[in-house]
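Heads up, the thing below is written out as structure tokens.
Numbering (our numbering), first residue to last: 8 to 175.
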């Protein structure tokens, strides 16, 4: 193919591609839990458009195709909440998820406004847990989502994003 993947801010016109990618990428998670009612699969396009308008949403592009995405926002307590990190199934396992994670951390870090990063994943999602642990996240709790999936909540202190390292 010869093209490289670039990461940039999403635009409003990316909503449908993000929506389709999210649906495709989270099929494996749904299968793992035997639950096709997980939030990334039931989110409406309008809800996603709302997130595009209010949150930091990044996309990874291979040419014109969106092949990865992640989003997040910082709350009033300085906690950057990262969500819905996903990579097209054909590109998983090549470090793109780690690149997206680093990019969203850098985008959310803001000078002095963010004191920690928080994200969650299902308790059976070993590849996700491995990625997050390599990136410095530690489990701080858990909860059961409204769809019945047990979630692991992970956090790490916000520091200079240049300190972030993940081995792919």
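Glycine is no exception: its CB is placed at the ideal position from the N, C-alpha and C atoms.
{"query": "Contacting residues, own chain, Cβ-Cβ under 7 Å from residue 40 (five flanking each side not counted)", "result": "129, 131, 156"}
{"query": "Residue range of the unbroken alpha helix (DSSP H) whose run includes residue 128", "result": "Where residue 128 is concerned, there is no enclosing alpha helix (DSSP H), although the beta strand (DSSP E) it sits in stretches over 123–129."}
{"query": "Residues that DSSP places opposite residue 80 in a beta bridge", "result": "88"}
{"query": "Bridge partners - residue 15, DSSP secondary structure assignment", "result": "66"}
{"query": "Nearest residue (CA-CA) to residue 144, options 89, 82, 119", "result": "89"}
{"query": "Pairwise C-alpha distance: residue 120 and residue 96", "result": "34 Å"}
{"query": "Buried versus exposed call for residue 127 [16 or more other C-beta atoms within 10 Å across all chains shown]", "result": "buried"}
{"query": "Other residues of its chain near residue 27: CB distance less than 8 Å, five sequence neighbours each side excluded", "result": "none"}
{"query": "Enclosing beta strand (DSSP E) for residue 97 [first to last residue]", "result": "Looking at the DSSP string, residue 97 is not in any beta strand (DSSP E), and its letter there is neither H nor E."}
{"query": "For residue 149, the nearest candidate out of 141, 162, 58 (CA to CA)", "result": "162"}
{"query": "Closest Cα partner of residue 57 within the set 94, 21, 136", "result": "21"}
{"query": "Inter-residue spacing [alpha-carbon to alpha-carbon] between residue 59 and residue 18", "result": "7 Å"}
{"query": "Three-way DSSP call (helix, strand, coil) for residue 170 in this model", "result": "Confidence is the limiting factor: at residue 170 the pLDDT is only 48, short of 50, which leaves the residue's position unreliable and the question unanswerable from this model."}
{"query": "Residues that residue 46 bridges to, as DSSP identifies them", "result": "Looking at the DSSP assignment, residue 46 forms no beta bridge with any residue, so it has no partner."}
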